[in-house]
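S.K.:
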Amino acid sequence: LDLVLEILVKSGLVFQLQKGSTERYQLVHDYLVAFIRHDYLVAFIRQQQNLLVNFEKQRKELLKRQAEIAQLRKQRWFLAIAVAGGVTLAILASWVEVQRRRVVTSAIVAHTVFSEALLASDQSVEALIESLKAAKKLHQSFGIQADTRIRVLIALQQALYRMQRPKHFEKHNDNITSVSFSPNSKLIASASADKTLKLWHLDGTLLKTLEGDSSLLTSVSFSPDGQLIASGSADNSIKLWQLDGTLLKTLKGHTDAVTSVSFSPDGQLITSGSTDNSIRLWRLEGTLIKILKGHTDVVTSVSFSPDGKLIASGSVDHSIRLWQLDGTLLKIIKGHTDAVTSVSFSPDSKLIASGSADHTIRFWQLDGTPRAILKGHNDGVTSLSFSPDGHILASAGTDSVKLWSRDGTLLETLDNFGYKQVSFSPDGKVLVSARDKRIVIWSLDLDELLVRGCNQARDYLTTHPNLSERERHLCDDIGPQHW
1 LDLVLEILVK SGLVFQLQKG STERYQLVHD YLVAFIRHDY LVAFIRQQQN LLVNFEKQRK
61 ELLKRQAEIA QLRKQRWFLA IAVAGGVTLA ILASWVEVQR RRVVTSAIVA HTVFSEALLA
121 SDQSVEALIE SLKAAKKLHQ SFGIQADTRI RVLIALQQAL YRMQRPKHFE KHNDNITSVS
181 FSPNSKLIAS ASADKTLKLW HLDGTLLKTL EGDSSLLTSV SFSPDGQLIA SGSADNSIKL
241 WQLDGTLLKT LKGHTDAVTS VSFSPDGQLI TSGSTDNSIR LWRLEGTLIK ILKGHTDVVT
301 SVSFSPDGKL IASGSVDHSI RLWQLDGTLL KIIKGHTDAV TSVSFSPDSK LIASGSADHT
361 IRFWQLDGTP RAILKGHNDG VTSLSFSPDG HILASAGTDS VKLWSRDGTL LETLDNFGYK
421 QVSFSPDGKV LVSARDKRIV IWSLDLDELL VRGCNQARDY LTTHPNLSER ERHLCDDIGP
481 QHW
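As structure tokens, this is what we get:
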């Protein structure tokens with residue numbers, strides 16, 4: 001060790017400190033930091049794997065004991081013993097399962113952190129391998145928390161992103177203003193400033209272009225049964241379309257541009273917001289039911305609660321307003337310091353998320369109590385979407401697309417470019433976003449990402465000389481497919 005330290009001191013990588021009779025050493029450069037972190041992470045992962053092996057031994061011993069008790073239960077005179085032993089083993093089984101899950105989660109997180117570090121240092125292939133290790137462990141595990149799951153998926157997505165761009169399609173002649181998923185998650189509708197609606201298959205196939213508007217389109221929404229599409233336009237109208245492009249109905253009443261449209265969960269009502277500062281509630285056949293007035297500036301966003309009982313609206317007047325379907329104003333929620341650009345209910349209808357030009361996202365209870373302020377965007381927030389399970393919020397802004405946990409923690413930044421819209425698919429496997437004239441698809445499907453990752457890594461796993469035998473077989477049980 002003395003010889004090694006002497007060499008490092010002479011090389012200038014380490015300098016020697018004399019403190020009394022004690023000699024200390026300190027790194028001069030960051031040159032060795034990556035190697036130290038690498039060794040630490042490798043050792044940590046091995047430690048977690050060893051713990052997992054030990055827990056597996058405990059689990060097998062537990063199964064053996066349970067089998068013995070099952071045999072004893074066949075004999076009546078051992079019934080009391082079996083019951084007592086069963087209770088004890090049930091408690092032990094629960095404890096072992098909690099510990100096993102904790103160890104598995106630690107191993108998954110370690111691989112993910114290592115992948116992120118490698119990607120940050122431009123080691124894309126190595127980052128892909130580590131993210132595949134994390135994804136495989138996730139695939140084989142149960143009960144992993146949503147935050148950990150999404151972090152693994154994004155790490156794998158980002159590693160692939162360095163090697164192959166995310167799926168995207170571009171056919172509009174002007175900027176996309178709004179996107180909406182069909183309820184079965186198979187179709188995407190996009191509205192554009194080029195005055196058209198386009199209907200896409202998830203693979204990027206353009207199925208239909210719906211034309212007929214005289215002005216730019218501002219908003220689009222699928223009906224809950226997937227049979228209709230509503231569009232809002234700068235010509236002050238809402239139009240209802242069949243999927244084959246047939247225009248069914250034009251709803252007129254607003255005195256200025258329509259900014260947002262939304263179907264009620266039962267598909268019987270439509271609500272619309274406008275630059276005329278009002279919200280209107282319509283029946284599906286076009287009858288105007290109610291005009292909701294109160295905002296003092298442009299209404300930018302309207303949304304039904306998933307339980308169908310409430311409507312939330314956001315406005316340039318910095319406020320969110322909560323309405324009953326009969327037009328009763330329940331609550332005015334204030335806190336943003338600039339225009340509210342997007343409002344979204346959580347799937348359980350217990351939380352409202354609002355995005356603003358003040359760069360923040362805020363979570364609110366239905367009574368107006370603030371729950372969290374989400375800071376991370378460096379420019380205005382333009383769109384919000386909850387995942388179907390309500391655990392994740394996606395946000396688009398003029399600076400980036402981000403993912404957040406329900407407690408307000410920033411989980412990941414998907415892209416550092418400006419986006420107009422973002423929307424989770426109803427099955428939670430895809431996130432669609434709109435940037436300029438382009439629709440970008442982010443896969444959150446673990447099976448698909450594993451296949452794509454292994455397709456990309458297979459040659460490296462076969463030919464690279466410094467991989468362990470275990471690493472070489474990482475993708476053996478994941479067959480090559482095309483997506």
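Just so we're aligned: 414 in our numbering is position 414 of the sequence shown, and the numbers increase by one with no gaps anywhere.
Yeah, the Cβ is synthetic: ideal placement off N, Cα and C, and Gly gets one too.
1) Among residues of its own chain, excluding the 5 on either side of Thr413, which ones have a beta-carbon nearer than 6 Å to its beta-carbon?
2) Report the rounded CA-to-CA distance for Arg470 versus Arg458, giving the unit in angstroms.
3) Ile270 and Ile238: beta carbons closer than 8 Å?
4) Does the distance from the CB of Leu216 to the CB of Ala234 come in under 8 Å?
5) Among Lys252, Lys133, Ile108, which one has its Cα closest to the Cα of Arg149?
6) Which residues in the same chain have their Cβ closer than 6 Å to the Cβ of Arg472, if we skip the five residues on either side of it in sequence?
7) Looking at the secondary structure, which residues open and close the beta strand (DSSP E) in which Gly314 lies?
8) Counting only runs of 3+ residues fully inside the stretch 111-188, write out the beta strand (DSSP E) ranges in chain order.
9) Do the stretch 406-425 and the stretch 123-138 make contact, defined as three or more Cβ pairs closer than 8 Å?
10) On the DSSP letters alone, give me the boundaries of the beta strand (DSSP E) that Asp403 sits inside.
11) Among Gly245, Ala193, Ser214, Gly212, which one has its Cα closest to the Cα of Trp200?
12) Do the CB positions of Gly308 and Asp338 come within less than 8 Å of each other?
13) Report the residue from Thr300, Arg452, Asp415 whose alpha carbon sits nearest the alpha carbon of Arg435.
14) With burial defined as no fewer than 16 other Cβ atoms inside 10 Å of the residue's Cβ, what is the status of Glu285: buried or exposed?
15) Measure from the alpha carbon of Ser356 to the alpha carbon of each residue in Arg438, Thr341, His377, then state which is nearest.
16) I believe Val430 touches Leu202 by the beta-carbon criterion, under 8 Å. Please report the beta-carbon distance rounded to the nearest angstrom.
17) Span of the beta strand (DSSP E) holding Ala434?
18) What is the DSSP secondary structure of Gly267, counted as helix, strand or coil?
19) DSSP three-state call for Thr205: helix, strand or coil?
20) Keeping to the same chain, check which residues put their C-beta closer than 7 Å to that of Leu329; ignore five residues upstream and five downstream.
21) Here's the rule: buried if 16 or more other CB atoms are within 10 angstroms of the residue's CB, otherwise exposed. What is Ala120?
22) Between Thr250 and the rest of its own chain, which residues show a CB-CB distance below 6 Å, the 5 nearest in sequence each way excluded?
23) Measuring only the C-alpha atoms, how far is Leu118 from Lys198?
24) With the cut-off set at 8 Å, would you say Ser319 and Ile332 are in Cβ contact?
25) Starting from the C-beta of Thr296, find all residues in its chain whose C-beta is less than 6 Å away, skip the five residues before and the five after it, and write them out in chain order.
M.R.: According to the structure data:
1) The sequence position of residue 413 within the sequence shown is 413, counting from 1. Closer than 6 Å at the Cβ level, and outside the excluded window around Thr413, lie Ser400, Lys402.
2) For this step, residue 470 is matched to residue 470 along the sequence shown. For this step, residue 458 is matched to residue 458 along the sequence shown. Distance between the alpha carbons of Arg470 and Arg458: 14 Å.
3) If you number the sequence shown from 1, residue 270 lands on position 270. If you number the sequence shown from 1, residue 238 lands on position 238. Yes; because the gap between Cβ atoms is below 8 Å, this pair is in contact.
4) Numbered from its first residue, the sequence shown carries residue 216 at position 216. Numbered from its first residue, the sequence shown carries residue 234 at position 234. Against a cut-off of 8 Å, the Cβ pair of Ala234 and Leu216 comes out as a contact.
5) Translated into positions along the sequence shown, residue 149 becomes position 149. Closest by alpha carbon: Ile108.
6) Locating residue 472 in the sequence shown gives position 472, where the first residue counts as 1. Hits under 6 Å: Leu461.
7) In the sequence shown, residue 314 corresponds to position 314, counting from 1. It spans 310-315 - the beta strand (DSSP E) in which Gly314 sits, taken as one unbroken run.
8) 167-169, 176-181
9) no
10) Taking the sequence shown and counting its residues from 1, the one referred to as residue 403 is at position 403. The question names Asp, but residue 403 is Leu in the sequence shown. Element bounds for Leu403: 401-405.
11) As a working note, residue 200 is residue 200 in the sequence shown. The candidate whose alpha carbon is nearest that of Trp200 is Gly245.
12) Here the question's residue 308 lines up with position 308 in the sequence shown. Here the question's residue 338 lines up with position 338 in the sequence shown. Going by C-beta atoms, Gly308 is not nearer than 8 Å to Asp338.
13) Translated into positions along the sequence shown, residue 435 becomes position 435. The shortest Cα separation from Arg435 among Thr300, Arg452, Asp415 belongs to Asp415.
14) Along the sequence shown, read from residue 1 onward, the residue named residue 285 stands at position 285. Classification of Glu285: exposed, given that the 10 Å Cβ count is below 16.
15) Along the sequence shown, one-based indexing puts residue 356 at 356. Closest by alpha carbon: Thr341.
16) Taking the first residue of the sequence shown as position 1, residue 430 is located at position 430. Taking the first residue of the sequence shown as position 1, residue 202 is located at position 202. Sure, about 7 Å apart at Cβ, within 8 Å.
17) For the purposes of this step, residue 434 is identified with residue 434 of the sequence shown, where counting begins at 1. Residues 430-435.
18) As a working mapping, residue 267 is identified with position 267 in the sequence shown. Three-state result, Gly267: coil.
19) As a first step, residue 205 is located in the sequence shown; it is residue number 205 there, counting from the start. Three-state result, Thr205: coil.
20) Here residue 329 refers to the residue found at position 329 of the sequence shown. Result list for Leu329: Gly294, Arg321, Trp323, in chain order.
21) The sequence position of residue 120 within the sequence shown is 120, counting from 1. The residue in question, Ala120, is exposed, as its Cβ has fewer than 16 Cβ neighbours within 10 Å.
22) Here residue 250 is taken as the residue at index 250 of the sequence shown, counted from 1. Excluding positions up to five away in sequence, the list reads Ser237, Lys239.
23) Taking the first residue of the sequence shown as position 1, residue 118 is located at position 118. Taking the first residue of the sequence shown as position 1, residue 198 is located at position 198. So the alpha carbons of these two residues sit roughly 39 Å apart.
24) Numbered from 1 along the sequence shown, position 319 holds the residue referred to as residue 319. Numbered from 1 along the sequence shown, position 332 holds the residue referred to as residue 332. A contact, by the Cβ cut-off of 8 Å.
25) Indexing the sequence shown from 1 puts residue 296 at position 296. Contacts found: Asp317.
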